[in-house]
Amino acid sequence: MQKFSDAWFTELYLKYGSVEEAIRSYPDSLPISIANYHRLVKKYGLIKSAGRHVSLPETLHFFREKAFEPGTPLERIYAQMPPSFQTSLSTLHRIYQYMEKAVVRRHAAALIATAGNSGEVLVGREVFGNSRYGKKVGDISLPMSFAKKDESNFDSALRVLQQEVFAHLAASGELKRDSTLVKRILSKNIEPVFYFDIVDVRVQVYEIILPTQASEFSSFKLVEHKYENLHTLSVMPNLRTGIGEILKLYGDYLYKPLTLKVPTYHVSSINLALAWRESE
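Counting from 1, position 234 in the sequence shown corresponds to residue 254 in our numbering; the numbering is continuous, with no gaps.
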């Protein structure tokens with residue numbers, strides 16, 4: 021790929037998640053203005069990232085510790101966090117209040133992608149990790165990303181497709197909203213099969229079928245994409261936090277389709293443990 025070509029810039033954008041971060045992180049000055057970079061992203065049909073968010077691995081780690089120590093003040097648990105822990109105590113207090121009241125403040129989307137074989141789903145391995153907080157390089161994950169509260173389901177799902185499944189195609193402009201491939205994969209009226217609440221995040225889980233010839237997977241966040249059997253995944257020890265629960269819920273959806281009213285709503289074991297132990 022030619023340096024400083026349009027596709028080069030759009031791949032850099034997908035790597036860093038925003039125009040500003042791409043410009044800030046690149047070691048040399050780039051021959052493009054911020055305004056023109058934004059216009060290029062729009063021209064290539066890329067769904068912009070959902071913005072900066074409090075670290076989910078950190079908050080998951082913190083509230084797992086809280087679930088293990090019911091009744092312990094947040095301040096005491098916070099004092100046990102390593103120096104690299106960046107989420108502020110005031111933010112954790114706010115998230116905890118949301119969890120107590122079952123209030124959703126952040127949104128995410130996850131794709132359960134199959135090739136027509138409902139017993140196998142597409143997964144990849146995490147490129148980035150933080151072993152202190154339970155997120156390790158190589159952990160197995162579904163394609164997923166944060167979403168915006170008021171955007172369409174279509175855009176939420178398309179962002180994940182562009183960033184975590186077909187990044188190279190997205191960078192070349194082949195994954196625009198009205199492209200042939202997107203029309204084959206995503207319905208304009210796509211709906212989640214279920215919702216999954218973890219900490220203060222509501223994950224919309226979508227089921228999609230990928231064409232068998234669409235197998236050139238690429239992402240700056242996931243590697244080694246492959247279809248894996250649901251049963252095999254269920255016993256793997258290195259699943260990203262929450263993914264095992266999502267896959268179990270999907271299995272219930274597959275094998276009990278006539279008894280479930282879609283979409284269903286579910287709460288993570290972390291949230292349930294905190295709610296139960298704090299009520300004792």
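Quick reminder that beta carbons are idealized off the backbone N, C-alpha and C, glycines included. Keep in mind it's a predicted model, so treat the numbers as computed, not measured.
Checking 9 Å against the spacing of the C-beta atoms, do residue i and residue j come in under that value?
i, j, result
"F82", "M101", "yes"
"M164", "A187", "no"
"Q224", "L66", "no"
"R197", "F166", "no"
"E227", "T134", "yes"
"R222", "V124", "yes"
"K241", "F174", "no"
"A295", "E120", "yes"
"A191", "A55", "no"
"R260", "I97", "no"
Find the nearest neighbour of residue i within the set the options, judged by alpha-carbon distance.
i, options, result
"Y64", "G144, L34 and E41", "L34"
"A177", "V143, P212, S161 and I160", "P212"
"E140", "L60, V221, Y270 and K276", "Y270"
"L162", "S235, G193 and E146", "E146"
"I132", "R96, V180 and H113", "V180"
"N291", "K62, Y226, L142 and T79", "T79"
"T111", "A122, A135, L76 and P90", "L76"
"V61", "A99, P90, H113 and A42", "A42"
"L250", "Q233, S238 and Y273", "Y273"
"T252", "S238, L267 and L206", "L267"
"L189", "K168, S238 and N209", "S238"
Given residue i, which residues of its chain have a CB within under 8 Å of its CB, disregarding the five upstream and five downstream residues?
i, result
"S288", "F216, D217, I218, V219, G262 and E265"
"T92", "K86"
"H286", "F214, Y215, F216, D217, E265 and L269"
"S254", "G264, L267, K268 and G271"
"T107", "V74, S75, E78, T79 and F82"
"D170", "none"
Distance cutoff 9 Å, beta carbons only. Does residue i sit that close to anything in chain D?
i, result
"Y273", "Chain labels in this structure do not include chain D; a single protein chain is all it has."
In chain order, what residues of the same chain have a beta carbon less than 7 Å from the beta carbon of residue i, not counting five sequence neighbours either side?
i, result
"E244", "G144 and R145"
"T37", "Looking at the sequence itself, residue 37 is Gly, so the reference to Thr does not match. Same-chain partners within the cutoff: S69."
"I115", "T79, V219 and D220"
"R204", "P231"
"E248", "E140, V141 and V143"
"E194", "L201"
"P51", "F24"
"F29", "I52, Y57 and L60"
"S151", "Only weak support is given to the placement of S151: the predicted model assigns it a pLDDT of 46, under 50, and the value that follows is read from those uncertain coordinates. Contacts found: none."
Check the DSSP bridge columns for residue i and list the partner residues they point to.
i, result
"Y226", "L131"
"D26", "Its beta-bridge partners do not exist; DSSP assigns none."
"D217", "R222 and V287"
"L259", "I160"
Once the 5 residues before and after residue i are set aside, which same chain residues still bring their CB inside 6 Å of it?
i, result
"I229", "T134 and G136"
"K168", "A70"
Give, in chain order, every unbroken run of the alpha helix (DSSP H) that is at least 4 residues long and sits entirely within the segment 229-255.
250-254
Unbroken beta strand (DSSP E) runs of length 3 or more, entirely within the segment 148-215: which are they?
164-167
Which whole runs of the alpha helix (DSSP H) in the segment 87-159 are 4 residues long or more, in chain order?
94-99 and 109-120
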